[in-house]
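> The structure that follows is given in the form of structure tokens.
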Amino acid sequence: MRGKLADQEKATIYQYQLIKKVFVRDELRRSHLSILAILSIFLMLMYRMDGLKALGIGILSSLFIQFVITRLTLIRVDEPDDRRWGWRLLAPWFGYIPTAHIELGLYRRLHRHLLWLGLCAIGVFYPWANEATMISLIMCHIWILAPRLVIMRKLRKMQKSGVLRIAGSEVSYYHR
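What the sequence shown shows, in our numbering, is residues 909 to 1084, in sequence order.
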């Protein structure tokens, strides 16, 4: 009896098989940061100090909007688990992203929501924001999401029931 119970406990451990690894090369990190530098130079040349203020507003507002949309989407589609999500500020992973495994289907759905609902939320500010702030909001929103959307593109043919793990220099896709 004791031997059968030990065998049943071993059978409940899930096995994951690594299917694909996407490496984040240093060129991607540098180009991602270069895009932000180009945006800040453009805003500074065109709008002077207002452009730099707009850049700060754009980054902070985009991060906040994405955080709110992520939390609301997770409450709606999945039981929220604060330990699986966290803030990262290292290139190219800026913002509130999964720090543990996440199902690829949920990742795709969440980032589609982030992209389109984020743009809609930014559009709400159009009547009150000046030109520099609107440019900054839209560009920062897309800039923050760009590496995540690239990962979605590279994993487009994978089954959505698989599991995704984002590390600093690689993204791993596992299947059960």
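Idealized CB from N, CA, C, for every residue including glycine. Remember, predicted model here, so these are calculated numbers, not experimental data.
Work out the CA separation of Arg1084 and Thr920 for me, nearest whole Å.
The pLDDT assigned to Thr920 is 30, lower than 50, so where the model puts this residue is not dependable, and the model offers no usable value.
> Nearest-angstrom Cα distance between Gly1070 and Gly964?
Between Gly1070 and Gly964, the C-alpha separation is close to 37 Å.
> Starting from Ser1044, trace the alpha helix (DSSP H) both ways and give me its first and last residue.
First-last of the alpha helix (DSSP H) with Ser1044: 1039-1062.
> Check Tyr1034 in the structure and name its three-state DSSP category.
Coil at Tyr1034, not helix or strand.
> Could you check where the alpha helix (DSSP H) with Arg937 kicks off and where it finishes?
From DSSP, the alpha helix (DSSP H) with Arg937 extends over 934-955.
> With a threshold of 7 Å on Cβ separation, who are the neighbours of Ser969 within its own chain once the five nearest residues in sequence on each side are excluded?
Correct list, in chain order: Leu1045.
> Going straight from the alpha carbon of Tyr924 to that of Ile1074, what length do you get?
Distance between the alpha carbons of Tyr924 and Ile1074: 15 Å.
> Three-state secondary structure (DSSP) at Lys928?
Correct three-state label for Lys928: strand.
> Across which residues does DSSP place Val976 in a beta bridge pair?
The partner list for Val976 (beta bridge, DSSP) is empty, contrary to what the question assumes.
> Could you check whether Leu926 and Tyr1082 sit closer than 8 Å to each other, using their CB atoms as the reference points?
Taking 8 Å as the Cβ cut-off, Tyr1082 and Leu926 qualify as a contacting pair.
> Less than 8 Å between C-beta atoms, sequence neighbours within five positions excluded: which residues of the same chain meet that for Met1060?
Excluding positions up to five away in sequence, the list reads Tyr1015, Arg1016, His1019.
> Taking DSSP as the reference, what is the three-state secondary structure of His1021?
In this structure, His1021 counts as helix in the three-state DSSP scheme.
> Since I believe Gly1003 is in contact with Leu971 (beta carbons under 8 Å), could you give me their beta-carbon distance rounded to a whole number of angstroms?
About 5 Å separates the two Cβ atoms, so the contact holds.
> If you measure between the beta carbons of Met1047 and Leu936, is that distance less than 8 Å?
Result no, Cβ atoms of Met1047 and Leu936 do not sit closer than 8 Å.
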